[in-house]
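Number of protein chains: 2
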Amino acid sequence: MGNIRATFRSQCDNSHAMDARFPLSNTESPWLPFESRRRARDEKREAVLRAAVQLFLEQGYHRATLNDVAKRLNITKPALYNYFRGKDEILFECWSIGHELVDDCIGETSAGGGSGLDKLRKLTIRYAELMTTDYGKSLVRFDLRDLSEHNRKIVQTAKRRIDRAFRDYIAIGIADGSVKPCDPKLAAFAIAGSLNWIGHWFQPGGELTGHAVAEEFAIRLTEGIATTSMRKKADKPPRKGNVGNASREDGSEHHARAAAGAAGQSKRARGRLR
Amino acid sequence: MGNIRATFRSQCDNSHAMDARFPLSNTESPWLPFESRRRARDEKREAVLRAAVQLFLEQGYHRATLNDVAKRLNITKPALYNYFRGKDEILFECWSIGHELVDDCIGETSAGGGSGLDKLRKLTIRYAELMTTDYGKSLVRFDLRDLSEHNRKIVQTAKRRIDRAFRDYIAIGIADGSVKPCDPKLAAFAIAGSLNWIGHWFQPGGELTGHAVAEEFAIRLTEGIATTSMRKKADKPPRKGNVGNASREDGSEHHARAAAGAAGQSKRARGRLR
DNA sequence: ACTATTTGTTACCCATGGGTAATATACGGG
DNA sequence: CCCGTATATTACCCATGGGTAACAAATAGT
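Protein chains in written order, with my numbering: chain A, 80 to 353; chain B, 80 to 353.
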């Protein structure tokens, strides 16, 4: 591929006063390899996060050392600092991915139609399923106080937004008659509490699939406040795909990326550090 | 009141060969002062636990240092080692107190009458209220992996017992017809999850009292699976007393003590260390 | 082939905090 | 008054682990 310097030299040889800012042979953009390097970098970055979130969940943030994370990736600790400023930033990025996934759920649910109760059920299912994945668990298992002041503010704000979504759907449901009158705040706490707790007890290898848990919880948690009884019990076979971790393996990375902008001040995809 | 020394001297004065091992005036047992010393010790021990549980909740177990705990008690770190073997033992004892309180709830609920649903509601209320107290929060906010192998086993066993209580009440309720047929395991997870989550969001100074939260949750969490609708909404004014922390201030320390034996291998009240 | 950049390594620093040893003080009992 | 015990203090040890500096190897572009 022609590069700028070669082009420039040939121009000098020909004694033409053509400006180097307009190279002739441009068949292959010099930007492509740069992009591929950047992508390789991002893939490594995400590999770090996958290893980190697993270790943080397995052992707890404080017991899991950066040496552990590095060892799992067959590198050494200082290499991690090519991708992250420090341990707490890794934690934040794990949390951030989880939050992007939640924001997807909320966005899609809000965009879709249906009554307040329908929205609440849809969000409940998707949120429950998310809680059975690593990045979903990040949202409820990690301690905000391990983050820097700045990142903690971001997370707190985002958490309030999630809580608001539940409350809003309940309030909408009360307004449109699909939900029995109740205190939206406490009802949201009750539902979100049950769902969040999934992230504490669910084990991927157990007798229950994440999808089965999600379906059951969606019924259980909403039947108390629903005006309609919903005893149809749709018996569609459990979907195979897993949200979160698993789906990120198959190359469809736009899923998480799409909502990156909506995830508040999350600075993911900010590129290199130095 | 005559003291032992005076009595002894008068005996010698009378030149009687009476053995000092059988003093005449025994109106005050020499064991009393020893007992009082032991009680003073136990009071200090519990003061340490109160300070510790507060700090562990405020800052998290790993960020809270033993120096912090000691400073709050106006002593220094090594003094703590007169009462505990180490930091993880303090954590375990905090957890242990919480567990004794839960065991009280379960014991009283099981002893009392009523249908399975009644028991479930009773336990739900008491458990929810407990989750608004410091020692109650210990049960769900502290990480088992910070405990020693031995103590972790104890805690895990006890946690399973708590879970079992919820499941059993639900199963009883299904059997006696007070609860709709459902999977007791998942229903228990759903209810206990909501309740446990209270320990994460409840702030004692907020707009809601622990009792109000407990009443509301007991209704919300059981109305979905109850066969009877229970729309009487008993409007009795909220009780004043707080379970846990507060009630321990008023001198009725038998509350926690009574179930000490039932709390599994909890070695509380084992007295001095050395 | 040559050079600059990226990415990784080895070897180190050092703040933190749990835990201990030596020691001083208070106190009850004889 | 003296002694033993309990309790507290000061002064330390040291393993841990996050973070950094200096340097080496891989790689892309020219």
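Even for Gly, the Cβ is constructed at its ideal location relative to N, Cα and C.
Proximity test, Cβ basis, 8 Å: residue i and chain B
i              : result
residue 280(A) : yes
residue 138(A) : yes
residue 122(A) : no
residue 275(A) : yes
residue 296(A) : yes
residue 168(A) : no
residue 272(A) : yes
residue 182(A) : no
residue 213(A) : no
Terminal residues of the alpha helix (DSSP H) in which residue i lies
i              : result
residue 298(B) : 289 to 302
residue 278(B) : 263 to 280
residue 236(A) : 228 to 255
residue 73(A)  : Nothing can be reported for residue 73(A): it is not among the residues displayed for chain A, which extend from 80 to 353.
residue 305(B) : Counting along the chain, residue 305(B) falls outside any alpha helix (DSSP H), and DSSP gives it neither H nor E.
residue 207(A) : 195 to 209
residue 213(A) : 213 to 220
residue 151(B) : 145 to 151
residue 159(A) : 156 to 159
From the options, residue whose alpha carbon lies closest to that of residue i
i              : options                           : result
residue 178(A) : 217(A), 302(A) and 132(A)         : 217(A)
residue 210(B) : 121(B), 289(B) and 307(B)         : 289(B)
residue 292(A) : 269(B), 136(B), 259(B) and 302(B) : 269(B)
residue 372(B) : 141(A), 285(A), 266(A) and 287(A) : Within the shown structure, residues of chain B are numbered from 80 to 353, placing residue 372(B) beyond reach of any answer.
residue 164(A) : 294(A), 221(A), 198(A) and 227(A) : 227(A)
residue 229(A) : 187(A), 171(A), 220(A) and 207(A) : 171(A)
residue 192(B) : 157(B), 255(B) and 149(B)         : 255(B)
residue 274(B) : 262(B), 162(B), 232(B) and 300(B) : 300(B)
residue 205(B) : 295(B), 232(B) and 279(B)         : 295(B)
residue 161(B) : 284(B), 260(B), 124(B) and 279(B) : 124(B)
residue 157(B) : 146(B), 167(B) and 114(B)         : 146(B)
residue 225(B) : 119(B), 117(B), 135(B) and 116(B) : 135(B)
residue 222(B) : 239(B), 140(B), 196(B) and 280(B) : 140(B)
residue 245(B) : 152(B), 237(B), 236(B) and 263(B) : 263(B)
residue 200(B) : 238(B), 247(B) and 215(B)         : 247(B)
residue 232(A) : 174(A), 119(A), 153(A) and 154(A) : 174(A)
residue 282(A) : 260(A), 237(A), 215(A) and 236(A) : 215(A)
residue 137(A) : 286(A), 280(A), 154(A) and 236(A) : 280(A)
residue 166(A) : 237(A), 153(A), 132(A) and 238(A) : 132(A)
residue 183(A) : 307(A), 237(A), 196(A) and 119(A) : 237(A)
Distance between beta carbons of residue j and residue i, contact taken as under 8 Å
i              : j              : result
residue 252(B) : residue 194(B) : 6 Å
residue 305(A) : residue 234(A) : About 32 Å; that fails the 8 Å criterion.
residue 181(A) : residue 241(A) : 6 Å
residue 297(A) : residue 212(A) : Not quite, the Cβ-Cβ distance comes to about 17 Å (not below 8 Å), so this is no contact.
residue 302(A) : residue 303(B) : 5 Å
residue 169(A) : residue 127(A) : 7 Å
residue 143(B) : residue 159(B) : No, residue 143(B) and residue 159(B) are not in contact; Cβ-Cβ is about 12 Å, not under 8 Å.
residue 151(B) : residue 130(B) : 5 Å
Residue-chain proximity (residue i, chain A), Cβ-Cβ < 8 Å
i              : result
residue 191(B) : no
residue 308(B) : no
residue 267(B) : no
residue 299(B) : yes
residue 246(B) : no
residue 222(B) : yes
residue 312(B) : For residue 312(B), the pLDDT reaches just 44, beneath the cut-off of 50, and the residue's location in the model is therefore unreliable, although a value from the coordinates is still provided. It does not: the Cβ of residue 312(B) has no partner Cβ on chain A nearer than 8 Å.
residue 335(B) : Residue confidence is low: residue 335(B) scores 37 on pLDDT, short of 50, so the model does not pin down where it sits. Its coordinate-derived value is still stated next. With 8 Å as the cut-off, residue 335(B) does not count as an interface residue toward chain A.
residue 141(B) : yes
residue 302(B) : yes
residue 317(B) : For residue 317(B), the predicted structure reports a pLDDT of 46, less than 50, and the residue's modelled location is therefore unreliable. The matter cannot be settled from this model.
residue 262(B) : yes
residue 324(B) : Because residue 324(B) sits at a pLDDT of 46, beneath the cut-off of 50, its placement in the model cannot be relied upon, and the following sentence gives the value as read from the coordinates. Cβ-Cβ to chain A under 8 Å: no for residue 324(B).
Per DSSP, the bridge partner or partners of residue i
i              : result
residue 258(A) : 305(A)
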